[in-house]
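If you're matching positions, the sequence shown starts at 1465 in the working numbering and goes up one per residue.
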Amino acid sequence: MGLDIRNALIKGPVLVTGGCGFIGGAIVHALADEGRDVRVVSPHCHSFRSDVRFLNVDIRDLSALVRACQGCETVIHCASVVQTRNTARDEMWSVNYGGTVNVIEACRRAGVRKLVHISSASVVFEGRDIEAGDETLPYAEVSMSAYVDSKIEAERRVLEFATEDVTRACALRPHLVFGPGDQRFLPNILKRADGAGIREVGRREKLSDFVYVDNVVDAVLAAERALDSNGLVSGQAYFVTNAEPVPFFEFIERLLMASGYGPIRRRIPYWVAYAGAGIVEGFHAVIRRGLVPEDGLSRFAVRYLNTHHYFRIDKACRDLHWQPRVSLAEGIARTADSLHDSAYDRALRVQQEPSIAKEPDDKGDVPR
(Lines of atoms letter the chains of each structure in order from A and count residues from 1; the text may use other names and numbers.)
(Lines give C-alpha, C1' and ligand atoms only; values in the text may rest on other atoms or scores of the structure.)
Protein backbone atom coordinates (compact mmCIF):
# COMPACT_ATOMS: atom_id res chain seq x y z
CA MET A 1 0.00 0.00 0.00
CA GLY A 2 2.80 2.42 0.88
CA LEU A 3 4.43 1.93 -2.51
CA ASP A 4 1.13 2.47 -4.32
CA ILE A 5 0.54 5.71 -2.44
CA ARG A 6 4.07 6.90 -3.17
CA ASN A 7 3.70 6.18 -6.89
CA ALA A 8 0.37 7.96 -6.96
CA LEU A 9 1.89 11.02 -5.31
CA ILE A 10 4.75 11.14 -7.79
CA LYS A 11 2.18 11.24 -10.60
CA GLY A 12 0.57 14.41 -9.19
CA PRO A 13 0.47 17.71 -11.11
CA VAL A 14 3.82 19.41 -11.67
CA LEU A 15 4.57 23.03 -12.47
CA VAL A 16 7.70 24.04 -14.40
CA THR A 17 8.98 27.61 -14.31
CA GLY A 18 11.03 28.57 -17.35
CA GLY A 19 9.39 25.72 -19.21
CA CYS A 20 9.72 27.41 -22.61
CA GLY A 21 13.52 27.54 -22.39
CA PHE A 22 16.17 25.00 -23.31
CA ILE A 23 16.41 22.99 -20.08
CA GLY A 24 12.87 23.69 -18.94
CA GLY A 25 11.42 22.71 -22.30
CA ALA A 26 13.27 19.39 -22.26
CA ILE A 27 11.90 18.72 -18.78
CA VAL A 28 8.37 19.57 -19.90
CA HIS A 29 8.61 17.13 -22.82
CA ALA A 30 9.86 14.35 -20.54
CA LEU A 31 7.11 14.90 -17.98
CA ALA A 32 4.38 15.10 -20.60
CA ASP A 33 5.70 11.97 -22.30
CA GLU A 34 5.20 10.19 -18.96
CA GLY A 35 1.57 11.28 -18.99
CA ARG A 36 2.01 13.82 -16.20
CA ASP A 37 -0.31 16.76 -15.61
CA VAL A 38 2.12 19.56 -16.51
CA ARG A 39 1.79 23.32 -16.12
CA VAL A 40 4.29 25.83 -17.49
CA VAL A 41 4.62 29.40 -16.26
CA SER A 42 6.39 32.09 -18.26
CA PRO A 43 5.81 35.81 -18.85
CA HIS A 44 5.84 35.12 -22.59
CA CYS A 45 4.48 31.63 -22.96
CA HIS A 46 4.13 29.93 -26.30
CA SER A 47 2.37 26.58 -26.41
CA PHE A 48 4.41 23.76 -27.93
CA ARG A 49 2.36 20.80 -26.69
CA SER A 50 -1.40 20.39 -26.64
CA ASP A 51 -1.23 18.19 -23.54
CA VAL A 52 0.52 20.86 -21.43
CA ARG A 53 -1.12 23.86 -19.78
CA PHE A 54 0.75 27.11 -20.48
CA LEU A 55 0.20 30.05 -18.14
CA ASN A 56 1.29 33.62 -18.88
CA VAL A 57 2.77 34.24 -15.43
CA ASP A 58 5.88 36.15 -14.39
CA ILE A 59 7.46 34.55 -11.32
CA ARG A 60 7.89 38.05 -9.89
CA ASP A 61 4.08 38.21 -9.58
CA LEU A 62 3.54 36.32 -6.33
CA SER A 63 -0.25 36.23 -6.34
CA ALA A 64 -0.39 34.87 -9.89
CA LEU A 65 2.31 32.33 -9.06
CA VAL A 66 0.41 31.12 -5.99
CA ARG A 67 -2.68 30.57 -8.13
CA ALA A 68 -0.64 28.65 -10.70
CA CYS A 69 0.81 26.38 -7.99
CA GLN A 70 -2.55 25.47 -6.46
CA GLY A 71 -3.05 21.71 -6.56
CA CYS A 72 0.49 20.97 -7.71
CA GLU A 73 2.46 18.14 -6.15
CA THR A 74 5.83 19.34 -7.44
CA VAL A 75 7.44 22.55 -8.68
CA ILE A 76 10.53 22.40 -10.88
CA HIS A 77 12.11 25.84 -10.88
CA CYS A 78 14.18 26.46 -14.02
CA ALA A 79 13.50 30.10 -14.78
CA SER A 80 16.41 32.50 -14.50
CA VAL A 81 17.82 35.53 -16.28
CA VAL A 82 21.34 35.08 -17.54
CA GLN A 83 24.27 37.32 -18.25
CA THR A 84 23.89 38.35 -21.87
CA ARG A 85 23.79 41.66 -23.68
CA ASN A 86 21.05 44.09 -22.68
CA THR A 87 20.55 42.30 -19.37
CA ALA A 88 20.47 44.70 -16.44
CA ARG A 89 21.91 43.51 -13.15
CA ASP A 90 18.74 44.59 -11.36
CA GLU A 91 16.72 42.32 -13.63
CA MET A 92 18.99 39.37 -12.89
CA TRP A 93 18.51 39.89 -9.17
CA SER A 94 14.75 40.47 -9.41
CA VAL A 95 14.21 37.23 -11.35
CA ASN A 96 16.96 34.92 -10.12
CA TYR A 97 16.69 35.83 -6.45
CA GLY A 98 13.37 37.64 -6.08
CA GLY A 99 11.62 35.18 -8.36
CA THR A 100 13.01 32.24 -6.40
CA VAL A 101 11.81 33.79 -3.13
CA ASN A 102 8.36 33.99 -4.72
CA VAL A 103 8.54 30.37 -5.88
CA ILE A 104 9.34 29.35 -2.30
CA GLU A 105 6.46 31.39 -0.90
CA ALA A 106 4.08 30.04 -3.54
CA CYS A 107 5.07 26.48 -2.60
CA ARG A 108 4.42 27.30 1.04
CA ARG A 109 1.01 28.85 0.45
CA ALA A 110 -0.14 26.27 -2.10
CA GLY A 111 1.03 23.27 -0.07
CA VAL A 112 3.44 21.99 -2.72
CA ARG A 113 5.20 18.88 -1.44
CA LYS A 114 8.38 18.91 -3.56
CA LEU A 115 10.58 21.60 -5.08
CA VAL A 116 13.48 20.86 -7.44
CA HIS A 117 15.57 23.99 -8.00
CA ILE A 118 17.86 24.26 -11.02
CA SER A 119 20.90 26.09 -9.72
CA SER A 120 24.37 26.32 -11.28
CA ALA A 121 27.79 24.82 -10.66
CA SER A 122 29.07 28.39 -10.86
CA VAL A 123 27.89 29.06 -7.29
CA VAL A 124 31.24 27.70 -6.03
CA PHE A 125 33.45 29.36 -8.66
CA GLU A 126 35.79 32.13 -7.49
CA GLY A 127 38.05 32.35 -10.51
CA ARG A 128 40.38 29.61 -9.29
CA ASP A 129 40.84 26.01 -10.42
CA ILE A 130 38.27 23.46 -9.23
CA GLU A 131 39.49 19.91 -9.80
CA ALA A 132 37.13 17.06 -8.88
CA GLY A 133 35.14 19.46 -6.71
CA ASP A 134 32.31 18.14 -4.59
CA GLU A 135 29.42 19.51 -2.58
CA THR A 136 31.62 20.28 0.43
CA LEU A 137 32.95 23.31 -1.48
CA PRO A 138 31.65 26.56 0.06
CA TYR A 139 29.74 29.16 -1.87
CA ALA A 140 31.95 31.63 -3.70
CA GLU A 141 32.82 34.62 -1.54
CA VAL A 142 34.52 36.53 -4.35
CA SER A 143 31.94 38.17 -6.61
CA MET A 144 32.43 36.96 -10.19
CA SER A 145 29.23 38.29 -11.75
CA ALA A 146 25.72 39.40 -10.86
CA TYR A 147 24.43 36.15 -12.34
CA VAL A 148 26.54 34.00 -10.03
CA ASP A 149 25.81 36.16 -6.98
CA SER A 150 22.07 35.97 -7.59
CA LYS A 151 22.18 32.20 -8.12
CA ILE A 152 24.11 31.74 -4.87
CA GLU A 153 21.53 33.62 -2.83
CA ALA A 154 18.66 31.86 -4.60
CA GLU A 155 20.10 28.43 -3.82
CA ARG A 156 20.70 29.43 -0.19
CA ARG A 157 17.04 30.34 0.20
CA VAL A 158 15.83 27.09 -1.35
CA LEU A 159 17.99 24.94 0.93
CA GLU A 160 17.00 27.00 3.98
CA PHE A 161 13.35 26.57 3.01
CA ALA A 162 13.84 22.80 3.00
CA THR A 163 14.56 22.92 6.75
CA GLU A 164 11.08 24.29 7.48
CA ASP A 165 9.57 20.84 6.85
CA VAL A 166 6.82 22.35 4.69
CA THR A 167 8.12 21.37 1.27
CA ARG A 168 10.92 18.94 0.51
CA ALA A 169 13.43 20.79 -1.65
CA CYS A 170 16.80 20.19 -3.26
CA ALA A 171 19.06 21.99 -5.74
CA LEU A 172 20.75 20.61 -8.85
CA ARG A 173 23.93 22.22 -10.15
CA PRO A 174 24.35 21.40 -13.85
CA HIS A 175 27.50 22.56 -15.58
CA LEU A 176 27.77 23.68 -19.21
CA VAL A 177 24.56 22.14 -20.53
CA PHE A 178 24.38 21.34 -24.24
CA GLY A 179 22.15 19.45 -26.64
CA PRO A 180 19.35 19.72 -29.21
CA GLY A 181 16.96 22.57 -28.55
CA ASP A 182 19.65 24.93 -27.29
CA GLN A 183 18.79 28.34 -28.67
CA ARG A 184 21.73 30.36 -27.36
CA PHE A 185 25.02 28.54 -26.81
CA LEU A 186 25.13 26.46 -30.02
CA PRO A 187 23.66 29.13 -32.33
CA ASN A 188 26.19 31.68 -31.06
CA ILE A 189 29.05 29.26 -31.69
CA LEU A 190 27.84 28.45 -35.21
CA LYS A 191 27.19 32.11 -36.00
CA ARG A 192 30.80 32.89 -35.17
CA ALA A 193 32.03 29.89 -37.11
CA ASP A 194 30.09 31.13 -40.14
CA GLY A 195 31.44 34.65 -39.73
CA ALA A 196 34.86 35.69 -38.50
CA GLY A 197 35.52 32.26 -37.05
CA ILE A 198 36.08 30.94 -33.53
CA ARG A 199 39.01 32.34 -31.62
CA GLU A 200 40.37 30.12 -28.89
CA VAL A 201 41.14 32.01 -25.67
CA GLY A 202 44.26 30.84 -23.85
CA ARG A 203 45.57 27.29 -24.12
CA ARG A 204 44.00 23.85 -23.81
CA GLU A 205 45.51 23.11 -20.44
CA LYS A 206 42.40 23.33 -18.27
CA LEU A 207 39.61 20.76 -18.05
CA SER A 208 35.91 21.51 -17.93
CA ASP A 209 32.83 19.41 -17.30
CA PHE A 210 29.84 19.42 -19.63
CA VAL A 211 26.46 17.77 -19.32
CA TYR A 212 24.09 16.65 -22.05
CA VAL A 213 20.59 18.03 -21.62
CA ASP A 214 18.89 14.61 -21.40
CA ASN A 215 21.15 13.74 -18.47
CA VAL A 216 19.97 16.90 -16.70
CA VAL A 217 16.36 15.92 -17.35
CA ASP A 218 17.02 12.45 -15.93
CA ALA A 219 18.56 14.04 -12.83
CA VAL A 220 15.52 16.26 -12.33
CA LEU A 221 13.12 13.32 -12.55
CA ALA A 222 15.37 11.28 -10.25
CA ALA A 223 15.47 14.15 -7.75
CA GLU A 224 11.69 14.35 -7.69
CA ARG A 225 11.44 10.63 -6.99
CA ALA A 226 14.15 10.82 -4.35
CA LEU A 227 12.45 13.72 -2.56
CA ASP A 228 9.33 11.61 -2.31
CA SER A 229 11.05 8.49 -1.01
CA ASN A 230 14.03 9.83 0.94
CA GLY A 231 13.71 12.81 3.27
CA LEU A 232 17.50 13.04 3.55
CA VAL A 233 17.68 14.41 0.00
CA SER A 234 15.76 17.49 1.07
CA GLY A 235 18.06 20.40 1.82
CA GLN A 236 20.87 19.03 -0.35
CA ALA A 237 22.64 20.34 -3.45
CA TYR A 238 23.99 18.08 -6.20
CA PHE A 239 26.46 18.60 -9.04
CA VAL A 240 25.15 17.18 -12.31
CA THR A 241 27.63 16.60 -15.14
CA ASN A 242 28.68 13.95 -17.64
CA ALA A 243 31.82 13.38 -15.53
CA GLU A 244 33.96 13.41 -18.69
CA PRO A 245 36.05 16.59 -18.36
CA VAL A 246 37.82 17.92 -21.45
CA PRO A 247 39.39 21.27 -22.39
CA PHE A 248 36.63 23.75 -23.20
CA PHE A 249 37.82 24.53 -26.71
CA GLU A 250 38.41 20.86 -27.46
CA PHE A 251 34.72 20.33 -26.79
CA ILE A 252 33.82 23.27 -29.04
CA GLU A 253 36.08 21.94 -31.79
CA ARG A 254 34.58 18.45 -31.56
CA LEU A 255 31.10 19.93 -31.80
CA LEU A 256 32.05 22.10 -34.77
CA MET A 257 33.72 19.26 -36.65
CA ALA A 258 30.76 16.95 -36.02
CA SER A 259 28.60 19.71 -37.51
CA GLY A 260 30.68 19.95 -40.68
CA TYR A 261 33.04 22.77 -39.76
CA GLY A 262 36.82 22.73 -39.67
CA PRO A 263 39.08 22.87 -36.60
CA ILE A 264 39.73 26.06 -34.63
CA ARG A 265 42.81 27.73 -36.08
CA ARG A 266 43.08 31.07 -34.27
CA ARG A 267 43.98 31.82 -30.67
CA ILE A 268 43.96 34.91 -28.45
CA PRO A 269 46.40 35.04 -25.51
CA TYR A 270 44.65 34.97 -22.16
CA TRP A 271 46.00 38.33 -20.98
CA VAL A 272 44.86 40.07 -24.17
CA ALA A 273 41.33 38.66 -23.86
CA TYR A 274 41.13 39.48 -20.14
CA ALA A 275 42.33 43.06 -20.61
CA GLY A 276 39.96 43.57 -23.52
CA ALA A 277 37.04 42.23 -21.49
CA GLY A 278 37.88 44.66 -18.69
CA ILE A 279 37.77 47.59 -21.11
CA VAL A 280 34.44 46.42 -22.52
CA GLU A 281 32.99 46.00 -19.01
CA GLY A 282 34.10 49.51 -18.09
CA PHE A 283 32.43 50.91 -21.19
CA HIS A 284 29.16 49.17 -20.38
CA ALA A 285 29.27 50.27 -16.74
CA VAL A 286 29.78 53.94 -17.62
CA ILE A 287 28.01 54.39 -20.94
CA ARG A 288 25.24 51.80 -20.75
CA ARG A 289 24.38 52.34 -17.09
CA GLY A 290 24.84 48.91 -15.66
CA LEU A 291 23.94 46.74 -18.63
CA VAL A 292 26.32 43.80 -18.84
CA PRO A 293 28.65 43.34 -21.85
CA GLU A 294 27.98 41.44 -25.05
CA ASP A 295 27.83 37.66 -24.74
CA GLY A 296 31.23 36.32 -23.76
CA LEU A 297 32.96 39.70 -23.41
CA SER A 298 33.42 39.65 -19.65
CA ARG A 299 36.36 38.97 -17.38
CA PHE A 300 34.26 36.28 -15.70
CA ALA A 301 33.83 34.39 -18.99
CA VAL A 302 37.51 34.73 -19.96
CA ARG A 303 38.66 33.47 -16.56
CA TYR A 304 36.03 30.75 -16.59
CA LEU A 305 37.38 29.38 -19.87
CA ASN A 306 40.92 29.25 -18.49
CA THR A 307 40.51 27.41 -15.21
CA HIS A 308 39.86 23.80 -14.27
CA HIS A 309 36.22 23.37 -13.34
CA TYR A 310 35.10 19.79 -13.12
CA PHE A 311 33.19 18.05 -10.39
CA ARG A 312 32.44 14.73 -8.74
CA ILE A 313 28.93 13.39 -9.18
CA ASP A 314 29.16 10.59 -6.61
CA LYS A 315 26.62 12.23 -4.31
CA ALA A 316 23.98 12.58 -7.03
CA CYS A 317 24.58 9.02 -8.21
CA ARG A 318 24.22 7.69 -4.67
CA ASP A 319 21.34 9.77 -3.31
CA LEU A 320 19.28 10.21 -6.47
CA HIS A 321 20.00 6.79 -8.01
CA TRP A 322 20.99 8.62 -11.17
CA GLN A 323 23.71 8.10 -13.76
CA PRO A 324 24.47 10.09 -16.93
CA ARG A 325 23.18 7.71 -19.61
CA VAL A 326 24.25 9.73 -22.68
CA SER A 327 28.02 9.94 -23.11
CA LEU A 328 29.79 13.13 -24.16
CA ALA A 329 30.59 11.66 -27.59
CA GLU A 330 27.00 10.55 -28.14
CA GLY A 331 25.69 13.90 -26.93
CA ILE A 332 27.92 15.75 -29.38
CA ALA A 333 26.74 13.50 -32.21
CA ARG A 334 23.07 13.99 -31.31
CA THR A 335 23.54 17.74 -31.07
CA ALA A 336 25.22 17.90 -34.47
CA ASP A 337 22.47 15.75 -35.99
CA SER A 338 19.84 18.12 -34.61
CA LEU A 339 21.18 20.90 -36.83
CA HIS A 340 19.66 19.09 -39.80
CA ASP A 341 16.27 18.83 -38.10
CA SER A 342 13.82 21.26 -39.70
CA ALA A 343 11.98 21.71 -36.39
CA TYR A 344 15.20 22.78 -34.73
CA ASP A 345 15.97 25.16 -37.59
CA ARG A 346 12.53 26.71 -37.17
CA ALA A 347 13.11 27.13 -33.43
CA LEU A 348 16.32 29.01 -34.13
CA ARG A 349 14.57 31.29 -36.61
CA VAL A 350 11.85 32.06 -34.06
CA GLN A 351 14.51 33.04 -31.52
CA GLN A 352 16.00 35.47 -34.02
CA GLU A 353 12.70 37.32 -34.49
CA PRO A 354 12.89 40.63 -32.56
CA SER A 355 9.24 40.41 -31.54
CA ILE A 356 9.75 37.14 -29.68
CA ALA A 357 11.02 37.56 -26.13
CA LYS A 358 13.79 35.23 -25.01
CA GLU A 359 12.79 32.70 -22.36
CA PRO A 360 14.81 33.43 -19.17
CA ASP A 361 16.16 29.92 -18.83
CA ASP A 362 19.19 29.92 -21.08
CA LYS A 363 22.63 31.26 -20.54
CA GLY A 364 24.83 33.04 -23.06
CA ASP A 365 28.07 31.86 -24.59
CA VAL A 366 29.03 30.02 -21.41
CA PRO A 367 26.06 27.88 -20.33
CA ARG A 368 25.23 26.98 -16.76
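We put the CB at the ideal spot given by N, CA and C, even for glycine.
Tell whether a beta-carbon distance below 8 Å holds between residue i and residue j.
| i | j | result |
| --- | --- | --- |
| residue 1621 | residue 1568 | yes |
| residue 1773 | residue 1672 | yes |
| residue 1791 | residue 1701 | no |
| residue 1563 | residue 1775 | no |
| residue 1634 | residue 1693 | no |
| residue 1859 | residue 1644 | No information on residue 1859 is available, as it lies outside the stretch 1465 to 1832 that the chain covers here. |
| residue 1540 | residue 1594 | no |
| residue 1710 | residue 1738 | no |
| residue 1685 | residue 1494 | yes |
| residue 1586 | residue 1762 | no |
| residue 1630 | residue 1668 | no |
| residue 1632 | residue 1577 | yes |
| residue 1529 | residue 1496 | no |
| residue 1599 | residue 1674 | no |
| residue 1800 | residue 1722 | yes |
Any idea which residues DSSP pairs residue i with across the strands?
| i | result |
| --- | --- |
| residue 1589 | Partner(s): none; residue 1589 has no beta bridge. |
| residue 1634 | 1580 |
| residue 1848 | Summary: the structure shown does not reach residue 1848, with the chain confined to residues 1465 through 1832, and so no result is reported for it. |
| residue 1597 | 1775 |
| residue 1731 | 1664 |
| residue 1480 | 1504 and 1540 |
| residue 1671 | 1711 |
Would you tell me roughly how many angstroms separate the C-alpha atoms of residue i and residue j, rounded to the nearest one?
| i | j | result |
| --- | --- | --- |
| residue 1505 | residue 1544 | 12 Å |
| residue 1592 | residue 1771 | 6 Å |
| residue 1833 | residue 1670 | Nothing about residue 1833 can be reported from this structure: the residues present for the chain run from 1465 to 1832 only. |
| residue 1480 | residue 1729 | 41 Å |
| residue 1515 | residue 1489 | 13 Å |
| residue 1641 | residue 1679 | 9 Å |
| residue 1716 | residue 1638 | 18 Å |
| residue 1625 | residue 1508 | 28 Å |
| residue 1557 | residue 1611 | 8 Å |
| residue 1601 | residue 1780 | 15 Å |
| residue 1487 | residue 1746 | 32 Å |
| residue 1476 | residue 1627 | 23 Å |
| residue 1647 | residue 1574 | 33 Å |
| residue 1534 | residue 1802 | 37 Å |
| residue 1654 | residue 1720 | 8 Å |
| residue 1736 | residue 1580 | 40 Å |
| residue 1794 | residue 1788 | 11 Å |
| residue 1724 | residue 1804 | 11 Å |
| residue 1522 | residue 1733 | 42 Å |
| residue 1682 | residue 1796 | 18 Å |
| residue 1731 | residue 1566 | 44 Å |
| residue 1604 | residue 1510 | 36 Å |
| residue 1559 | residue 1524 | 7 Å |
| residue 1742 | residue 1769 | 15 Å |
| residue 1688 | residue 1485 | 20 Å |
| residue 1652 | residue 1718 | 16 Å |
| residue 1786 | residue 1677 | 14 Å |
| residue 1531 | residue 1546 | 26 Å |
| residue 1538 | residue 1623 | 16 Å |
| residue 1482 | residue 1542 | 5 Å |
| residue 1649 | residue 1782 | 30 Å |
| residue 1618 | residue 1666 | 32 Å |
| residue 1478 | residue 1498 | 12 Å |
| residue 1519 | residue 1553 | 26 Å |
| residue 1561 | residue 1696 | 25 Å |
| residue 1527 | residue 1764 | 36 Å |
| residue 1726 | residue 1740 | 27 Å |
Pop quiz: residue i and residue j are said to be a contact at Cβ under 8 Å. What is the actual Cβ separation, rounded to whole angstroms?
| i | j | result |
| --- | --- | --- |
| residue 1784 | residue 1707 | Not a contact, Cβ separation roughly 14 Å. |
| residue 1664 | residue 1713 | 5 Å |
| residue 1705 | residue 1616 | With a Cβ gap of about 19 Å, residue 1705 and residue 1616 do not count as contacting. |
| residue 1536 | residue 1503 | 7 Å |
- Where in the stretch 1496 to 1552 do unbroken runs of the alpha helix (DSSP H), each at least 4 residues long, occur, reported from the N-terminal end onward? Counting only runs of 4 or more, we get 1526 to 1533.
Sequence ranges, alpha helix (DSSP H) only - wholly within the stretch 1684 to 1726, length at least 4: Counting only runs of 4 or more, we get 1712 to 1722.
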